[in-house]
Amino acid sequence: MKIATWNVNSINVRIPQLVEWLLAAGPDVVCVQETKTIDENFPEIVLAEAGYQAAFTGQKSYNGVAILSKFPIEDVQLGFPGDDDEAQKRMIGATVNGIRIVNTYVPNGSELGSDKFKFKLDWLHRLRSYFDETCDPNGDVLLCGDFNVGMEAEDVWNPAGYEGKLHFSKPERAAMHYVKQFGLTDVFRDLNGNVSEFSWWDYRAGAWQKNHGLRIDYIWVTPTLAEKAKSCVIDKSPRYLDLPSDHAPVIAEFTI
DNA sequence: ATGGTAGATACTCTA
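Counting along the first sequence from 1, when you hit position 87 you're at 87 in this note's numbering, and nothing is skipped either side.
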């Protein structure tokens, strides 16, 4: 079973690339972030024609997450329990083939010390609470998405320059580590050692051409699922296309 | 060098 995560930066702009990638890569499940559309405009029919059913929760202009799957999508959770209609649409959970999947678009944080930065840290604590309240660390649980945090030096093209900066600051890494301490392990890092590969390159300043990237898109799993992990790769191929997303998909394969 | 580009919306905000 192949499970992928991809921040597409507008699903309606990216739908041709997304469908082409689904047919080429053949993932069983894809967790999508930054759909940037209301549910009425989600391209559900096009995806169904490509063989994927979808669960999604979006809003106008910003955020929005979805789970696409070849298999039935069960027990869907849209946002955190208790979220009202105004809450930012950044989390969707569902069960596929017995695996509990939580797909997140972690807040960017804007700049250290800002209200948005505090929102990011608070949001990550809510995410950990959600795991504590609803997930079993001894079961097959998968957390993935755009975490907007690089966890280790190898995840950042210029770790010295990023020290104390957004995406790599101590409070962000600590908050994300707290989520990980639920009992999750980074599939990419476990299987590939301390390589330095990235999943996101800023559109600006020629970051892609210079490989000035960050690995901020992750697939984290509980130990029972980690034992079944065969491979985890970052597929850079869509990043070479014209009008790409700024993120590349990450895909993990499990013997399940 | 505090820029650069992309997307959605409506002439700016977010990333």
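Even for Gly, the Cβ is constructed at its ideal location relative to N, Cα and C. Keep in mind the model is a prediction, meaning the values are calculated, not measured.
- Taking Lys89 as the centre and dropping the five residues before and after it, the same chain places the C-beta of Thr57, Gly58, Gln59, Asn63, Gly64, Val65, Gly79 closer than 7 Å to its C-beta, in chain order.
- Taken in chain order, the complete alpha helix (DSSP H) segments of 4 or more residues contained in the segment 17-69 are 44-49.
- Between Ile11 and Thr35 the beta-carbon gap is near 4 Å, inside 8 Å, which marks them as a contact.
- Sixteen is the threshold: since fewer than 16 other Cβ atoms of the shown chains lie within 10 Å of the Cβ of Gly26, the residue is exposed.
- With a 10 Å radius around the Cβ and a threshold of 16 neighbouring Cβ atoms, Val195 comes out exposed.
- The residue from Ile38, Ile216, Leu191 with its alpha-carbon nearest to that of Trp201 is Ile216.
- Where Thr224 is concerned, the enclosing alpha helix (DSSP H) starts and stops at 223-226.
- Between the C-alpha atoms of Ala160 and Glu154 there is a straight-line separation of about 11 Å.
- Membership of Phe117 in the alpha helix (DSSP H) is indicated by the continuous run 115-134.
- With a minimum length of 4 residues, the unbroken runs of alpha helix (DSSP H) contained wholly in the segment 157-184 fall at 159-162, 170-180.
- In the structure shown, Val187 adopts helical secondary structure according to DSSP, grouped into three states.
- Under the DSSP assignment, Thr104 falls in the beta strand (DSSP E) whose first and last residues are 99-105.
- Burial of Thr104 is indicated by the presence of at least 16 other C-beta atoms within 10 angstroms of its C-beta.
- With contact defined as three or more Cβ pairs closer than 8 Å, the segment 170-179 and the segment 226-245 are not in contact.
- For Glu74, DSSP records a beta bridge to Thr95.
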